[in-house]
Amino acid sequence: MSIIEVKNLKKSFGDLEVLKDISTEVNEQEVVCVIGPSGSGKSTFLRCLNKLEEITDGHVIVNGHDITDPKININKIRQEVGMVFQHFNLFPHKSVLENITLAPMKVKSVNKQAAREKALELLDKVGLKEKADSYPGELSGGQKQRVAIARALAMEPKVMLFDEPTSALDPEMIGEVLEVMKQLAKEGMTMVVVTHEMGFAREVGDRVIFMDGGFIVEEKEPEQLFGNPENERTKAFLGKVL
Amino acid sequence: MDLIMDSLPLLWEGLKLTAYITVLGLFFGFIIGLITALFRLSPIAPLKWLAIWFINIVRGTPFLVQLFFIYFGLNSLSWISLSPINAGILGISINAGAYIAEIIRAGIQSIDKGQTEAARTLGLSSAQTMRYIILPQALRRMLPTFVNQAIISLKDTSLLSVIGIAELTQRGQIVVSATYEAFKIWTVVGIMYFILIYLLTQLGNYVERRYELR
Ligand SMILES: Nc1ncnc2c1ncn2[C@@H]1O[C@H](COP(=O)(O)OP(=O)(O)OP(=O)(O)O)[C@@H](O)[C@H]1O
Ligand SMILES: [Mg+2]
Numbered sequence: 001m002s003i004i005e006v007k008n009l010k011k012s013f014g015d016l017e018v019l020k021d022i023s024t025e026v027n028e029q030e031v032v033c034v035i036g037p038s039g040s041g042k043s044t045f046l047r048c049l050n051k052l053e054e055i056t057d058g059h060v061i062v063n064g065h066d067i068t069d070p071k072i073n074i075n076k077i078r079q080e081v082g083m084v085f086q087h088f089n090l091f092p093h094k095s096v097l098e099n100i101t102l103a104p105m106k107v108k109s110v111n112k113q114a115a116r117e118k119a120l121e122l123l124d125k126v127g128l129k130e131k132a133d134s135y136p137g138e139l140s141g142g143q144k145q146r147v148a149i150a151r152a153l154a155m156e157p158k159v160m161l162f163d164e165p166t167s168a169l170d171p172e173m174i175g176e177v178l179e180v181m182k183q184l185a186k187e188g189m190t191m192v193v194v195t196h197e198m199g200f201a202r203e204v205g206d207r208v209i210f211m212d213g214g215f216i217v218e219e220k221e222p223e224q225l226f227g228n229p230e231n232e233r234t235k236a237f238l239g240k241v242l
Numbered sequence: 001m002d003l004i005m006d007s008l009p010l011l012w013e014g015l016k017l018t019a020y021i022t023v024l025g026l027f028f029g030f031i032i033g034l035i036t037a038l039f040r041l042s043p044i045a046p047l048k049w050l051a052i053w054f055i056n057i058v059r060g061t062p063f064l065v066q067l068f069f070i071y072f073g074l075n076s077l078s079w080i081s082l083s084p085i086n087a088g089i090l091g092i093s094i095n096a097g098a099y100i101a102e103i104i105r106a107g108i109q110s111i112d113k114g115q116t117e118a119a120r121t122l123g124l125s126s127a128q129t130m131r132y133i134i135l136p137q138a139l140r141r142m143l144p145t146f147v148n149q150a151i152i153s154l155k156d157t158s159l160l161s162v163i164g165i166a167e168l169t170q171r172g173q174i175v176v177s178a179t180y181e182a183f184k185i186w187t188v189v190g191i192m193y194f195i196l197i198y199l200l201t202q203l204g205n206y207v208e209r210r211y212e213l214r
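Just so you know, the sequences run in chain order C and V. Under UniProt numbering, the residue at position 242 of the first sequence is numbered 242, and the numbers go up by one with no gaps. Under UniProt numbering, the residue at position 155 of the second sequence is numbered 155, and the numbers go up by one with no gaps.
This is the structure in structure tokens:
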């Protein structure tokens, strides 16, 4: 069953057409990795999936709801779609624990005790239980990103979106974040991951989407896409990054 | 020396009134400023224009004219009757409110857009995002500028003497005209203002340290 369905999605910023005609879907428990050169529209694509960007044309159906419908309650939909950003975007004025408990308490009216327990459980899972009372400013980049993942998971989303989650990290911290993501994938989380980590895409991805110039150029299982790319542009890109 | 001692209780009364008007003026000014800032940033055009015009009018006219408008102008309407002190508090509130609105707006706009995105992505509404994520950070960041405005408003209260409020400056005038000791009395009045402002600055520093972003 598909959790996200994208039909003829188009997105322009003013005169600049960034997504030209994108159709694809993401199935339950699937890990889809999105790769492509800088400026090809990967982030914009991801941000259309939870309507962080207004959608210019086409349809995006999340969990059976068409989010391009102007009457849709987008806050409701977003609860089911977790998102992790390149620059973490933790709330600096709140402790690690409060970062995680805020949304469940305010949006889902979970009581404080239950929200705390869940948060500590998630922190344990990302290996940061002892940092519960720290503030984001006191954490390393890798730790911040793991907290950001825990924060998104606290809403119990059906799907998680990652936009280059390791691109802002020092090399020695990339591994710890990818490890958490691998674990998530193993547990059956549905994930869409924009990444420059080809090793991750190859190992964890069920499917890899190669984007260029606002189109999906090629979309295949990783072994096929990396081992046997068909399109010239895919070949050229992989030639540069591999 | 005796003369100064004798005048101190009178000046002290004035000092208290100055502090009282400043505190109330800033309190209401903050509320006016917060509402105006939110209107100013609102996507609803009429609210936005209302805020812009309010800010422009206050910034584009002298405080004394605003004060005369409120005290003499509004009071000339049959259905309004403001005591000098209430007119004074209203004047300070409105004047500070417009400036505080701009301070808060700048504070809100200085917060990284990623904060809003992270909050909205978690399912928070725009009002919740403003309340729990943006405003707490913006208010911390604008605190030094707010203290600055508080100092300006405090000094502005000395102009309230012209509508007959017995605040510190007005008391100074009264004592001077009774004693002819202009040099000494104005020195004492100046020191009193200085101490008030010093305390205000210290309070600001304390709050800033207390709520520093870690
Ligand atoms: N808010 C915006 N306003 C105007 N143009 C934008 C905006 N966001 C993105 N763009 C443009 O859209 C194009 C695609 O951007 P996008 O961020 O989606 O690319 P990307 O594939 O994620 O690149 P990168 O690998 O560098 O992150 C770029 O040309 C970019 O300049
Ligand atoms: Mg990007």
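Every residue gets a Cβ at the ideal spot worked out from N, C-alpha and C, and that includes glycine.
Specify the secondary structure class of residue i as computed by DSSP and reduced to three states.
i, result
"residue 170 of chain C", "coil"
"residue 250 of chain C", "Within the shown structure, residues of chain C are numbered from 1 to 242, placing residue 250 of chain C beyond reach of any answer."
"residue 82 of chain C", "strand"
"residue 65 of chain V", "helix"
"residue 147 of chain C", "helix"
"residue 211 of chain C", "strand"
"residue 264 of chain C", "A query on residue 264 of chain C cannot be resolved here, the shown segment of chain C reaching from 1 to 242 and no further."
"residue 218 of chain C", "strand"
"residue 162 of chain C", "strand"
"residue 66 of chain C", "strand"
"residue 190 of chain C", "strand"
"residue 88 of chain C", "coil"
"residue 57 of chain C", "strand"
For residue i, is the beta carbon positioned less than 6 Å from some heavy atom of ligand 1?
i, result
"residue 44 of chain C", "yes"
"residue 38 of chain C", "yes"
"residue 13 of chain C", "yes"
"residue 18 of chain C", "yes"
"residue 41 of chain C", "yes"
Along the beta strand (DSSP E) that carries residue i, what are the first and last residues, could you check?
i, result
"residue 23 of chain C", "16-27"
"residue 35 of chain C", "31-35"
Output the boundary residues of the alpha helix (DSSP H) element that contains residue i.
i, result
"residue 163 of chain V", "Unbroken run through residue 163 of chain V: none, as it is neither H nor E."
"residue 198 of chain C", "198-204"
"residue 172 of chain V", "168-179"
"residue 153 of chain V", "135-156"
"residue 208 of chain V", "182-210"
"residue 13 of chain V", "2-41"
"residue 43 of chain C", "42-48"
"residue 234 of chain C", "232-241"
"residue 72 of chain C", "It is not in any alpha helix (DSSP H) - residue 72 of chain C carries neither H nor E in the DSSP assignment."
"residue 51 of chain C", "Taken as a continuous stretch (DSSP letters only), residue 51 of chain C belongs to no alpha helix (DSSP H), as it is neither H nor E."
**OP:** Below 8 Å between beta carbons is the criterion; list the residues of the stretch 95-127 of chain V that meet it against any residue of chain C, in chain order.
**Re:** The stretch 95-127 of chain V vs chain C, Cβ under 8 Å: 112, 114, 115, 117, 118, 119, 120, 121, 122, 123, 124, 125.
Subject >> Residues, ordered as in the chain, of the stretch 165-185 of chain C that lie near chain V by beta-carbon distance below 8 Å >> reply: Answer in chain order: no residues at all.
**OP:** Mind checking the stretch 73-105 of chain C against chain V and listing, in chain order, the residues whose C-beta falls within less than 7 Å of any C-beta there?
**Re:** Residues 75, 78, 79, 83, 85, 87, 89, 91, 92, 93, 102, 103.
**OP:** List in chain order: all unbroken alpha helix (DSSP H) runs of 4+ residues lying wholly within the stretch 71-133 of chain V.
**Re:** Here the runs fully enclosed are 84-109, 113-121.
Original post:
the stretch 130-144 of chain V: which residues have C-beta closer than 8 Å to a C-beta of chain C, in chain order?
Top reply: Here the close residues are 132, 133, 136, 137, 140.
Subject >> Members of the stretch 50-70 of chain C near chain V, C-beta cut-off 8 Å >> reply: Correct list: 50, 52.
Original post:
In the stretch 151-165 of chain C, which residues sit with their C-beta less than 8 Å from some C-beta in chain V, listed in chain order?
Top reply: Listed in sequence order: 151, 152, 155.
**OP:** Taking only runs that begin and end inside the stretch 92-154 of chain C, name each unbroken alpha helix (DSSP H) of 4 or more residues, in chain order.
**Re:** Entirely contained in the stretch 92-154 of chain C, the alpha helix (DSSP H) runs reaching 4 residues are, in chain order, 96-107, 112-125, 141-153.
Subject >> Residues within the stretch 204-230 of chain C neighbouring chain V, beta-carbon criterion of under 7 Å >> reply: So the list is empty, because no residue satisfies the distance condition.
Subject >> Residues, ordered as in the chain, of the stretch 102-128 of chain C that lie near chain V by beta-carbon distance below 7 Å >> reply: Within the stretch 102-128 of chain C, the qualifying residues are 102, 103, 106, 107.
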